[in-house]
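What follows is one structure encoded as structure tokens, with my remarks underneath.
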Amino acid sequence: DKLVDTLDNNNKIAIVSPKINYYDEPGMLQYVGYTEMNYYTSRNSQIGQFETDNGQYNHLTGKTGFAHGAAMMVSRTAIEKVGVMAENFFLYYEEMDWCARMKNAGYEIWVNLDALIYHKESISVGKQSALKEYFMNRNRILFERRNASGFQMLVFSIYFIVFVATRNIINYIKQKQYGFIKWLFKAIWWNITNDVNSHKLGYPLK
């Protein structure tokens, strides 16, 4: 009801998310909002993450950078205007892309922290897996391609190759997860060889 009331009271709101705590650590915060995206690096921050929930964010309601895909209520009017989530993300960044599209259409993204859910994080793909590494990297680039300006995309591309890919490869080697290197390059190659609306996943699901 709290999320419904938030949407009903302001027709500029497209999406509202609740406070989210970790299911396995119910006293620990996971999400109370996001900062805005830095499109030069495709980085932003999840506000409140890993803090002990002492009620410090209770009763706060207002604008945030992005909703959380684990829990969000969406305005039907906004969906009819902007459309549904882009299916070609498959995993990760789809809610970020949706929020960016909503904001570009003039809507706002909000949180209502009087509402609370508990989230079993990464239960579907495991805490670390080739599937997760591939789609996190593929979709980070895809999100930029769909939402950043040409200059932002140029800077991001340099940043990703010089810093992100290099750091990831070093970490994979340190952790002896050599197979992840292949999926990092496949994630990059997918974005070189597919347009932003391609529904080819580039990853075998069977």
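Counting along the sequence shown from 1, when you hit position 73 you're at 73 in our numbering, and nothing is skipped either side. Where is the CB? At the ideal position from N, CA and C, for every residue including glycine. Please read these numbers as outputs of a predicted model, since none were measured by experiment.
Just mark residue i as buried or exposed, buried being the case when its beta carbon has 16 or more other beta carbons within 10 Å.
i	result
residue 205	exposed
residue 30	buried
residue 162	exposed
residue 178	exposed
residue 18	buried
residue 80	exposed
residue 166	exposed
residue 104	exposed
residue 214	Beyond the ends of the chain as shown, which are 1 and 206, falls residue 214; an answer cannot be given.
residue 55	exposed
residue 84	exposed
residue 133	buried
For residue i, I'd like the list of residues in its chain whose CB is within less than 6 Å of its CB, leaving aside the five on either flank, ordered along the chain.
i	result
residue 89	139
residue 147	100
residue 199	88
residue 32	19, 47, 48, 57, 113
residue 15	67, 72, 74, 109
residue 37	44
residue 98	85
Near residue i, what residues of its chain come up, given a Cβ to Cβ distance below 8 Å and the 5 sequence neighbours on each side ignored?
i	result
residue 62	110, 111
residue 9	none
Going by DSSP, what residues sit across from residue i in a beta bridge?
i	result
residue 43	38
residue 62	111
residue 147	Note: residue 147 sits in no beta bridge, so no partner.
residue 19	116
Could you check how far apart the C-beta atoms of residue i and residue j are, in whole angstroms? I think they sit under 8 Å.
i	j	result
residue 96	residue 143	6 Å
residue 35	residue 47	7 Å
residue 145	residue 136	Not really, about 15 Å apart at Cβ, beyond 8 Å.
residue 210	residue 184	Absent from the structure is residue 210, since the part of the chain shown begins at 1 and ends at 206.
residue 141	residue 191	5 Å
residue 23	residue 92	That belief does not hold up - the Cβ atoms of residue 23 and residue 92 are roughly 19 Å apart, past 8 Å.
Once you ignore the five residues that flank residue i on each side, which residues in its own chain have a CB closer than 7 Å to its CB?
i	result
residue 53	21, 27, 28, 29
residue 115	2, 3, 18, 19
residue 181	169, 172
residue 155	40
residue 78	14, 102, 107
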